[in-house]
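Chains as they are written, first to last, in numbering that gives the first Met the number 0: chain Y, 0 to 167; chain V, 0 to 251.
Below: one structure, written as structure tokens.
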Amino acid sequence: MKRNLLCGATALAALFSMSAGAQTCASPDTSWHPDAAGTPALSGTTCGHEAGIISVCQGAGGAPAAAYVAQVTIADAPGGSFTNIDFTGGAGYAISAYLVPTSSGCNADAACTTVGDATTNMLHGDIPAGSYFLIITGADFDAPGACGPFTAAADGTLPVTLQSFTVG
Amino acid sequence: MNAKMKVLSIALVGLCGFAGSAMAACPAGPTTAEGGAWTSKSVLPPSTSTLAVTTPGLDATECALSSSLGPSTTASAFVRYNHAASEPNYRFQFLVDTTALSSFSATDNVVVFQAPATTAANGFNRLLRVSLVAGPAGAKRVRFIAQCGTGTFSCGQTFATDLIAGVNRIEGKLTVGAGAAGQLDYWVNAAAGTTEPAASGTIANLDNAAWGGVSAASLGLTAPSAAYKTNHPTQVVKFDRFDSRRQTYIGS
Numbered sequence: 000m001k002r003n004l005l006c007g008a009t010a011l012a013a014l015f016s017m018s019a020g021a022q023t024c025a026s027p028d029t030s031w032h033p034d035a036a037g038t039p040a041l042s043g044t045t046c047g048h049e050a051g052i053i054s055v056c057q058g059a060g061g062a063p064a065a066a067y068v069a070q071v072t073i074a075d076a077p078g079g080s081f082t083n084i085d086f087t088g089g090a091g092y093a094i095s096a097y098l099v100p101t102s103s104g105c106n107a108d109a110a111c112t113t114v115g116d117a118t119t120n121m122l123h124g125d126i127p128a129g130s131y132f133l134i135i136t137g138a139d140f141d142a143p144g145a146c147g148p149f150t151a152a153a154d155g156t157l158p159v160t161l162q163s164f165t166v167g
Numbered sequence: 000m001n002a003k004m005k006v007l008s009i010a011l012v013g014l015c016g017f018a019g020s021a022m023a024a025c026p027a028g029p030t031t032a033e034g035g036a037w038t039s040k041s042v043l044p045p046s047t048s049t050l051a052v053t054t055p056g057l058d059a060t061e062c063a064l065s066s067s068l069g070p071s072t073t074a075s076a077f078v079r080y081n082h083a084a085s086e087p088n089y090r091f092q093f094l095v096d097t098t099a100l101s102s103f104s105a106t107d108n109v110v111v112f113q114a115p116a117t118t119a120a121n122g123f124n125r126l127l128r129v130s131l132v133a134g135p136a137g138a139k140r141v142r143f144i145a146q147c148g149t150g151t152f153s154c155g156q157t158f159a160t161d162l163i164a165g166v167n168r169i170e171g172k173l174t175v176g177a178g179a180a181g182q183l184d185y186w187v188n189a190a191a192g193t194t195e196p197a198a199s200g201t202i203a204n205l206d207n208a209a210w211g212g213v214s215a216a217s218l219g220l221t222a223p224s225a226a227y228k229t230n231h232p233t234q235v236v237k238f239d240r241f242d243s244r245r246q247t248y249i250g251s
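Rendered as structure tokens:
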């Protein structure tokens, strides 16, 4: 019975990935590891998380100071099998996503490796292997504070950092 | 591409264009070596990006500069004019026509004008970029990104009115100085005339003295976002009537 409950919880988590708590630059969501089918998608809201990002990509665009921040590790293909990440935003804002190397800092207005939005996928081919902040926020033309729900869906796996285990 | 000289100009910093005579033929290319007025050009990658002098111009002129980028985030197609001196007081104006660009998505952006700096500082070798960015519902707007002495050293501001269909006139006045002496004023599609109107927008307190002054002007497409690279390969943006000065409003 307990095992069944655990399996059920795991399945639910796989269907809908959203970490509890604020997903900010200081505490990004590190839980997104879709499998070869792209499951789970990363879903959440840009409301109530990171409020410090008002400019992105060395000033190339403004942002409404409402962002959801995840941290992802991406390998060169075929190590990471996804080819693109599709973004869907809800009402209240125009979803805009920015990928910034972790080493550059999250809220440092650093150069972006790539971008995505409601009609433009992030392409694996634009992303060298490495660790990145995935900043999901609103568009340059959105009003300050504009935010809303989002889903980021990869069409394949993002690699999971390998862990070492000792069997005693 | 025609450069219109203003007789009221106190000091002409640079006049970059092509023969404006109605009878003159367009030069073979934009650089002085090709019969144009610009110091140099950059076209990368040369196999898919293009930079050409085309007819007609954008202001009842004979020639325009047509720029398009291939599908690469490192693509560029622009001309550069090296000024003879470092310019701490710099006015510029150009015409831009984005008619051939399809609708912008939220993260589409591309640089159309740059003012390289005499001195690199805080990781940047430029004083100013002017970019095309997205407005609502696929519209296009213009964004000014001035280097500044605090924070992340980039101070951006988007003019919150969509560009009009056809030809847009963009003008700026960049002052290089310490603290509040550093400032950018800009005009987007200001009313016709040569009397300086209220600015469309201002970025104040730039504290940009560390960059010295403007050393050159670059006009054309460069630094596309990944979205622009994906959504607008080979689409042409046209430019015309570049003018730069030290003191006097340019207008029309």
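A virtual CB, placed ideally from N, CA and C, is assigned to each residue, including glycine.
Here Ala225(V) is buried. Its C-beta has 16 or more other C-beta atoms within 10 Å. Residues of chain Y whose Cβ lies closer than 7 Å to the Cβ of Val132(V) are, in chain order, Gly60 and Asp139. At least one C-beta of chain V is nearer than 9 Å to the C-beta of Ile94(Y). Within chain Y, the C-beta atoms nearer than 8 Å to that of Ile144(V) come from Gln57, Gly58 and Ala59, in chain order. Minimum Cα-Cα distance from Ala209(V) among the listed residues Val132(V), Gly122(V), Ala84(V) and Leu64(V) corresponds to Gly122(V).
Using a Cβ distance threshold of 9 Å, Ala59(Y) and Val132(V) count as a contacting pair. Using a Cβ-Cβ cut-off of 9 Å, Ser102(Y) does not count as an interface residue toward chain V, since no Cβ of chain V sits closer than that to its own. Pairing Leu50(V) with Gly219(V) gives a Cβ-Cβ distance under 9 Å.
Chain Y has no Cβ within less than 9 Å of the Cβ of Ser48(V).
In the displayed model, Gly137(Y) falls within coil according to three-state DSSP, outside both helix and strand.
Using a Cβ distance threshold of 9 Å, Ala198(V) and Tyr185(V) count as a contacting pair.
For Arg140(V), the C-beta contacts it makes with chain Y under 9 Å involve Asp139 and Phe140, in order along the chain. Per DSSP, the continuous beta strand (DSSP E) segment holding Asn167(V) begins and ends at Val166 to Thr174. The Cβ-Cβ distance between Leu64(V) and Ser75(V) does not fall below 9 Å.
Using a Cβ-Cβ cut-off of 9 Å, Cys154(V) is close to Ser54 and Gly58 of chain Y, given in chain order. In the DSSP annotation of this structure, the continuous segment of the beta strand (DSSP E) that includes Asn108(V) starts and ends at Asn108 to Ala120. Short of 6 Å from the beta carbon of Thr233(V), and not among the five residues preceding or following it, lie these beta carbons of its own chain, in chain order: Ser67. Secondary structure at Gly178(V): helix, using DSSP grouped into helix, strand and coil.
Measuring C-alpha to C-alpha distances from Ile53(Y) to each of Cys154(V), Pro70(V) and Tyr89(V) identifies Cys154(V) as the nearest. For Tyr227(V), the secondary structure class from DSSP, reduced to helix, strand or coil, is helix.
In the structure shown, His32(Y) falls within a coil segment according to DSSP collapsed to helix, strand and coil. By the Cβ neighbour-count rule, Glu33(V) is exposed, with fewer than 16 other Cβ atoms within 10 Å of its own. For Ser66(V), the enclosing beta strand (DSSP E) covers residues Ala63 to Ser67. Assignment of Thr31(V) by DSSP, reduced to helix, strand and coil, places it in the helix class. By the Cβ test, the segment 169–188 of chain V is not in contact with the segment 34–46 of chain V, since fewer than three Cβ pairs between them sit closer than 8 Å. Assigned with DSSP and collapsed to three states, Ser41(V) falls in strand. Secondary structure at Gly124(Y): helix, using DSSP grouped into helix, strand and coil.
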